[in-house]
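S.K.:
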Amino acid sequence: MNCCDNILKQILIKKMMMCQMAIPLSFPNLFNNEQMFLLWSLRHLNLEWTNKTTGVHKENPVDYPIPIVSAIRLGDLSKSKSLILNGILCKQKNDIFFNNDCNGGQLSRKLSNGVVELAWYLPENCKDESFNDIWAIANLRGDALKYSLQFDLLNRVSNVMLIFLTKESLGQSFDILEKVSSINQKLIFVFLDVVSYSTDKNQKQIEKENFKIFMKLMNNKIICVRETVNGKKKNRATLNTEIINRMKESLNSIKTWDNKGTFNMEQVSNISKDIGISIDEDTEHCRKGKELADFVVSILVSNNAEDKNKVLPLQGKILSNWSRLSKQHARREGAEGITPEDFDIKIYREKKKCREEQLRLVQNMEKEMEKLPLFIKQNQEVINHFLKWMKFYLDARSNKLLPKLQNNYHELWNNMQKKAVKEDNDSVILSNLEKKINNASFGLEHFMREIGQVYEACVHHNETKHFENIMNNLSMSAADLLIAGFPLEIMDGDACQMPTIWLKAVFDALSQQLGNKKVYIISVLGIQSSGKSTLLNTMFGFNFTVSSGRCTKGVFAQLISVDEHLAQKLGFEYVLVLDTEGLRAPELVSHVQGHDNEIATLVIAMGDVTIVNLMGENTTEIAEILQISVHAFLRMRIASNSMKLKPGCYFVHQNVSDVTASKNMQSSYEKLKDQLDSITAAAAKIEDANEIQEFNDVIEFDMNQQIWYFPALWNGNPPMAPINSRYSGKAFDFKTNIFQYPSKKGLKCLTFADLKDRLSHVWDAILKENFVFTFKNSLELQCFTLLEKKVLSLCLEFRKYVSQEKHKFCNKIDNCDDTKIRTYQVTVGIDFKTFIENYHESCKKDLKEFMENTRYKDIIIQWEFSVLNKVQYVKDELINEADTDFTHRFELRKIEHDQREKVSEYIEEVKKFVGEIASIDFDSENDDESPVAKFEKKWKVWIDKLQFTQIKDRTNISAEVWKVFQKVYHQHHTICNQYNQKDKCDICDLDTIPTLQDDDFTTKLATYDDKRNLRETLTEIENDTLSIMTKMKDYLNSIKHLDFDNNFTWVIHERFEKMINNFNEQNQKYNLSVWYQVKVFAHILKNVIPHFQKMHNEHLEKVSPKNTLIEKYKPQVYKVFNGFYTKCQKEIIAAKNLKDLLLPAILDSVKDRLSEDITYNLTSSNKEFQTKSELNIKILLDLRK
């Protein structure tokens, strides 16, 4: 202890306590001869015990007052005081205090004299317990007569003092006994006298006198226990029982729970300081660390520390929303009915809002952010102490809030189990309690997570310049902490989110500090409370939290450096260990099944080797998780070249004490191996990955070398049981074996830069995978696949049959008499809906019969509601499509009816046009334009002037087609996302095929030579693909005269799938993979969309009111025009002939009579023109004027 720093002392003391060894409370400092009190080392201890009255307790001894029993000896004893104390504390042999009976116990002491050791009695509420409640025992090493300072401390703080002495030592002890008598405490004197055969009367008289003085000094208010009575010596058990009974009497008289007469260790440390004992927390690094922690706690108090969401606002709801949106985006959840571009924009905007809210909160914390350098610039020792202090404060907060909430939760859970009928309100209350428990769990990892979110929010918005100094140092500080041994959160256990931006920055900083060293990644996986963290702590000396129930939440990493000489031999310089939360946690029963499967797949994919930790010999639950992980891992490998990983796997069985367990479980593992092999082969068949034949093809597993059996961790029943040394020895052997795994298997370990990339690739693959994670095991997945094929087949038949009937109904609308059209418009929708409802009932009946008759009906029944909803959705979709089509047809009929009513108006307009055309032709002598051409010209002008009702096009063909694509391949949406609506074609060109690769097929032959056969195989696949394209063109030609119907897309898929299945069944060399199927079908759809659009456009053009008018009425109008035009031409010719006959005679008659008529008119109407003289006079008068 003298050579350890505070952090190491804390770790050592925690390990000593786990091993049920007494811990040093105070010891002499060899370097300055001062007595040192170890308060700091006690701060991170948690004592757990059960009281019959008050129940389960979990308390920290620094804060919690506990009765203290001190044990001292006066003079030399014939028996070991520590051995007696061990018998009092534990009935079974357990060397809590080092004693003469231990190995090396007879050696002379050099360092331990003057040390005050501390241990606790922790009851477990069983029948044969010695004490009903907790108490502490402080044991002073050496003769108390020689260590007055230590004695003074124990005398001041003890509730009960056990004083071991002999009659011979009484005479030398009166001074110290006087001090003892002056303190109000219970005293138990244990006389360990050797049976004396001496006849020296003087000696006996001295002893009697000393004893009288002793009794007088103690006022007879003492309890004495004698080892020897009437010359007979008591055995050890009898002596221990008598001491225990006396201690019970003394402890029961203490008023413990009103805090009177008892001290916690912080109070004891204050008393120590008063009498001149140094406190370890007064060192400079510890004091500065505490000051920084107190500063942070003061901020928490000002921000309402009871509400974690207010103290750490960047996580919680905001981070959960970000995680949900990331998964929705990657898995295309909720993308139905909108284009991929619109879906991407929608998710991007929502995620941007989350980051903007985080950034706003960061900017509001600018004062706190400015003080971050105060922490970052501290040396590592201060930061280490600061983090330890923070952990202590936060754990104290959680320990204050959690027990009551957890008791309420378990009480409600138990009440729910007793009820015959579950109430909906109970589930709501239980869920609310879960949230409260989560909010009360406030640890150091939450602060580190908040720092990561600060970094990500700033980087996302390019705000690093604003906090440039801080941002540059945050990742470097996190890397320093990882190097120093603090865990780094890889996956947030609350939001199930991996902060990849933050982690990349940390590993970049790690690479800068350590160099791009090779790192060996070990991950651990197991059911809750199976001892994962305990195993890692034992193997690597970590400090992961351990207890029954859920300790770890999420995934955490710790880094270990490897000795330089050993690194050259092993092939790696560092080990990164991933600890995970327990799977199948009872408190997560209300959560989705995929939570455990995601974590399992993540750690298996991340690790070079995964330790599958099991409690006992049962492998059932972990086998279920492995099944899903293998299938998910397989799908991720198919979807991404970056996921071509093959991790190793060890099975560790804990608490298996039988030495013959390996033989006994041989058959069980053979069955498990066969089961995993068959499941892997079935998964490979589903995914068309024929190169995968067994479990070992996906995850490396040697049944003879990679199964380990560990004995029980404890020797006896906790909390007083010691650690089993065989467990530690087994852990050491296992660590040695697992370290040799890379060299044995020829594994090339990653560098820190590679590790960063793997993190990103694995998380990206997990984000995109959703289908497999939702199942409990592989059998469930197979059953669901079988059921879905049936549903898809039923829905396809449903669509085809309804499409045929809809066509008949549309023909009836087209041919319906005008007088009945309004009545039919009311009844057609009802009749068609009735027809669909009847067929829908038939489909439901068929589906229920299928589910009832299958041998997996007990599994399939859980999806009955879901699949019936799918059929219901198809029915509703078909009804909506039919309503749209019928409305369209009735619109056309209405337009046609309106046109017929207006045809007379059109004809009157035509008559006017005919008159104009005829008169122009008569007046124009040099017009070579034919009347027909003039009609066409005038017709166009006339048509352009008329107003037509436009038919609304409600069809988004591209969206409808791609919707089918997403539905039929929704199980492979990871691949589907790479082929979407962004890849557009302007024309249909099915003479081309997509570029083929080696991922497009899987071989069936074990002798397949990649290099020799690849080109030949790809050529064959190209020819088969061209054949598929030809058949698709033939189908498109057969429907080109029709309007678009999305049922055509379903038919194309049905034909495509049949061709693929036939090919895979008949071909003996290889299978066309899922990747190929998705790629080629996407290529077909991309090209048929312009063809469908053309069909639809031609249909709209054909049925448009303008074209209907042209097609139906233009011949009729032209006929009227032609008749009118001919009639007008005849009338004009007759009038011209009459004119030619009459005009000459009229001209001659006018010439003959014109002069006479002029003269007559002039003379008859004016007298001036009657005579010549009057005319002259008139002229002269006019001239005069």
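In the UniProt record's numbering, the protein residues as written are 1 to 1185. From the three backbone atoms N, C-alpha and C, an ideal C-beta is built for every residue, glycine too.
What ranges does the beta strand (DSSP E) occupy inside the segment 461 to 531, keeping only unbroken runs of at least 3 residues that lie completely in it?
M.R.: Those beta strand (DSSP E) runs which fall completely within the segment 461 to 531 and span 3+ residues are 488 to 492, 518 to 526.
S.K.: Using a threshold of 9 Å, state whether the C-beta atoms of residue 243 and residue 483 are closer than that.
M.R.: no
S.K.: Within 10 angstroms of its Cβ, does residue 229 collect 16 or more other Cβ (buried), or is it exposed?
M.R.: exposed
S.K.: Using only alpha-carbon positions, find the residue among 322, 389, 340, 1118 that is nearest to residue 358.
M.R.: 322
S.K.: Please state if the CB of residue 144 and the CB of residue 74 are separated by a distance shorter than 9 Å.
M.R.: yes
S.K.: Could you check what DSSP says for residue 1224 in three-state terms: helix, strand or coil?
M.R.: Here the chain comprises residues numbered 1 to 1185, so residue 1224 is not present and cannot be evaluated.
S.K.: Write down every uninterrupted run of the beta strand (DSSP E) in the segment 124 to 171 whose length is 3 residues or greater and which is fully enclosed by it, in chain order.
M.R.: 135 to 143, 160 to 165
S.K.: At what residues does the alpha helix (DSSP H) containing residue 19 begin and finish?
M.R.: Residue 19 -> no alpha helix (DSSP H), and no H or E assigned at all.
S.K.: At which residues does the beta strand (DSSP E) containing residue 558 begin and terminate?
M.R.: 554 to 561
S.K.: Mapping DSSP to helix, strand and coil, what is residue 26?
M.R.: strand
S.K.: Tell me the DSSP secondary structure of residue 648 in three-state form.
M.R.: Reduced to three states, the DSSP call for residue 648 is strand.
S.K.: What span of residues does the alpha helix (DSSP H) with residue 47 cover, start to end?
M.R.: Premise fails: residue 47 lies in the beta strand (DSSP E), 47 to 51, not in any alpha helix (DSSP H).
S.K.: Where does residue 1186 sit, in a helix, a strand or coil, going by DSSP?
M.R.: The first residue shown for the chain is 1 and the last is 1185, placing residue 1186 beyond what the model contains.
S.K.: If you follow the alpha helix (DSSP H) that residue 88 is part of, which residue opens it and which one closes it?
M.R.: Element bounds for residue 88: 81 to 89.
S.K.: Have a look at residue 158 and residue 575 and give me their C-alpha separation to the nearest angstrom.
M.R.: One C-alpha to the other measures close to 47 Å.
S.K.: Please identify the residue among 941, 1086, 324 whose C-alpha is closest to the C-alpha of residue 962.
M.R.: 1086
S.K.: Determine the direct distance from the alpha carbon of residue 1061 to that of residue 684, and round the result to whole angstroms.
M.R.: In a straight line, the C-alpha of residue 684 is about 16 Å away from that of residue 1061.
S.K.: When the Cβ atoms of the segment 126 to 144 are set against those of the segment 748 to 766, are three or more pairs found closer than 8 Å?
M.R.: no
S.K.: Let me know the secondary structure DSSP gives residue 587 once reduced to three states.
M.R.: With a pLDDT of 48 at residue 587, under the threshold of 50, the modelled position of this residue cannot be trusted; read the value that follows with caution. If DSSP states are grouped into helix, strand and coil, residue 587 belongs with the helices.
S.K.: Only counting the same chain, and skipping five residues up and downstream in sequence, which positions put a Cβ closer than 6 Å to that of residue 896?
M.R.: Once the five neighbours on either side are set aside, residue 896 has no close Cβ partner at all.
S.K.: Does DSSP put residue 224 in a helix, in a strand, or in coil?
M.R.: strand
S.K.: Under three-state DSSP, which class holds residue 55?
M.R.: strand
S.K.: Do the segment 606 to 614 and the segment 521 to 536 make contact, defined as three or more Cβ pairs closer than 8 Å?
M.R.: yes
S.K.: Given a threshold of 16 other Cβ atoms within 10 Å of its Cβ, counted over all protein chains shown, does residue 1044 qualify as buried or as exposed?
M.R.: buried
S.K.: Under three-state DSSP, which class holds residue 262?
M.R.: Reduced to three states, the DSSP call for residue 262 is coil.
S.K.: Give the DSSP-derived three-state secondary structure of residue 73 in the structure shown.
M.R.: strand
S.K.: So, are the CB atoms of residue 365 and residue 62 less than 9 Å apart?
M.R.: no
S.K.: Given a cut-off of 9 Å on the beta-carbon distance, is the pair residue 1091 and residue 1031 in contact?
M.R.: no
S.K.: Could you pull the DSSP bridge partners for residue 1076 from this structure?
M.R.: In the DSSP output, where bridge partners are listed per residue, residue 1076 has none listed.
S.K.: Thinking just about the alpha-carbon of each residue, which of 1052, 956, 995, 603 is nearest to the one in residue 338?
M.R.: 956
S.K.: Report all residues from its chain with a CB closer than 8 Å to the CB of residue 246; omit the five preceding and five following residues, and keep chain order.
M.R.: 188, 223, 225
S.K.: Would you mind sorting residue 622 into buried or exposed? The rule is 16 or more other CB atoms within 10 Å of its CB.
M.R.: buried
S.K.: What did DSSP end up calling residue 283 once you bin it into helix, strand or coil?
M.R.: Residue state, collapsed to three classes: coil.
S.K.: Residue 6: buried (16+ other C-beta within 10 angstroms of its C-beta) or exposed?
M.R.: buried
S.K.: Residues in its own chain within less than 6 Å of residue 1053 by CB, not counting five upstream and five downstream?
M.R.: 968
S.K.: Please go through the same chain and pick out, in chain order, the residues whose beta-carbon is closer than 6 Å to the beta-carbon of residue 391, but skip the five residues on each side of it.
M.R.: 444
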